[in-house]
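Just so you know, we're using my numbering here: the sequence shown kicks off at 1 and counts up by one.
The beta-carbon is built from N, C-alpha and C at its ideal position, and this holds for glycine as well.
What follows is one structure encoded as structure tokens, with my remarks underneath.
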Amino acid sequence: MGTMITLSHGDTPIQGYLASPDKSGPGVIVIQEWWGLVGHITAVADRFAAAGFNALAPDFYGGQTTAEPDEAGSLMMALKVPEAAEVIRAAAERLAADPMTLGEKVGVVGFCMGGKLALFAAGISAQIGACVDYYGIHPNVHPDFGNFQCPVLGFFAEHDDYAGAEAVAALDRSLKEVGIDHEFHTYPGTCHAFFNSDRPAVYNHEAAEDSWGKMLAFFRDNLGEA
1 MGTMITLSHG DTPIQGYLAS PDKSGPGVIV IQEWWGLVGH ITAVADRFAA
51 AGFNALAPDF YGGQTTAEPD EAGSLMMALK VPEAAEVIRA AAERLAADPM
101 TLGEKVGVVG FCMGGKLALF AAGISAQIGA CVDYYGIHPN VHPDFGNFQC
151 PVLGFFAEHD DYAGAEAVAA LDRSLKEVGI DHEFHTYPGT CHAFFNSDRP
201 AVYNHEAAED SWGKMLAFFR DNLGEA
């Protein structure tokens, strides 16, 4: 189990959930869905720690969470991109400096809104050494692909009203244009948020476990062995 910590960055305190392994390992930033820093996300951080990674899930909503889609959408749209950038930088700096983190660079993974923010993180922080995007979507977040310095791994659903095939193709083109190594996987028969085990209507165990294994291998290849 991890613990809530305060990230020192500027004048505004930022909270985050830090889950550390038994011995030092690569660092991974875990970015929330539009629901906020809920139990599913802290559980993902704990799972990373159990696999040997030092995982930090920063809170982008200042403590607010919801289980209602309409409220989640409002929280997502109210997110200010400059403030999100400060949260990302604070998390990257804190995690990279943590004594339980191996290496100078850290990875980042995000889900839904967090997937788009993970891509955004790769464009604003040179401390990001590997980026994983799970069906990322946010209409106001625009990653600076030309500033990427790391490879990208993407996981997508066959049936997705938010990050559909056209969005995936556009992301593929953007990464190809700037020569960024990337690998995408689209899982047949799945829907948006297939990784979220707290949402039985869309959770797909086979896709979730397959993508989890691929993600761990990707982070180990690019950040070092956990």
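Start-to-end residues for the beta strand (DSSP E) that takes in residue i
i: Leu153; result: 152-159
i: Tyr61; result: It is not in any beta strand (DSSP E) - Tyr61 carries neither H nor E in the DSSP assignment.
i: Gly129; result: 128-134
i: Val202; result: Neither: Val202 is in no beta strand (DSSP E) and is coded neither H nor E.
i: Ile137; result: Where Ile137 is concerned, there is no enclosing beta strand (DSSP E), given that its DSSP letter is neither H nor E.
i: Gln15; result: 14-19
i: Met4; result: 3-7
Residue i, buried or exposed, once every other Cβ within 10 Å from all chains shown has been counted against 16
i: Val108; result: buried
i: Asn54; result: buried
i: Asp160; result: buried
i: Gly231; result: Only positions 1 to 226 of the chain appear in the structure, and residue 231 is not among them; the question remains open.
i: Gly146; result: exposed
Reduced DSSP secondary structure (H/G/I, E/B, other) of residue i
i: Asp98; result: coil
i: Lys78; result: One detail in the question is off: residue 78 reads as Ala in this sequence, not Lys. Helix, per DSSP.
i: Leu119; result: helix
i: Ala165; result: helix
i: Gly114; result: helix
i: Pro26; result: strand
i: Asn147; result: helix
i: Ala55; result: strand
i: Gly103; result: strand
i: Val178; result: coil
Delimiting residues of the alpha helix (DSSP H) encompassing residue i
i: Glu183; result: Glu183 -> not in any alpha helix (DSSP H); beta strand (DSSP E) instead, spanning 182-191.
i: Asn222; result: 205-223
i: Asp46; result: 39-50
Close beta carbons around residue i, own chain, < 8 Å, minus the five adjacent residues each side
i: Asp59; result: Ile14, Gln15, Gly16, Tyr17, Gln32, Gly36, Leu37, Val87
For residue i, the nearest candidate out of the options (CA to CA)
i: Met1; options: Gly114, Asp221, Asp11, Ala51; result: Ala51
i: Thr186; options: Thr66, Tyr134, Gly114; result: Tyr134
i: Pro82; options: Ala201, His142, Gly136, Glu68; result: His142
i: Ile128; options: Leu7, Leu223, Asp11; result: Leu223
i: Asp22; options: Gly114, Ala49, Glu93; result: Ala49
i: Phe195; options: Tyr203, Gly39, Phe148; result: Tyr203
Residues near residue i by beta carbon distance below 7 Å, same chain, minus five either side
i: Val44; result: Val30
Contact set for residue i: own chain, Cβ-Cβ below 6 Å, skip 5 residues either direction
i: Met100; result: Ser20, Ser24, Asn54
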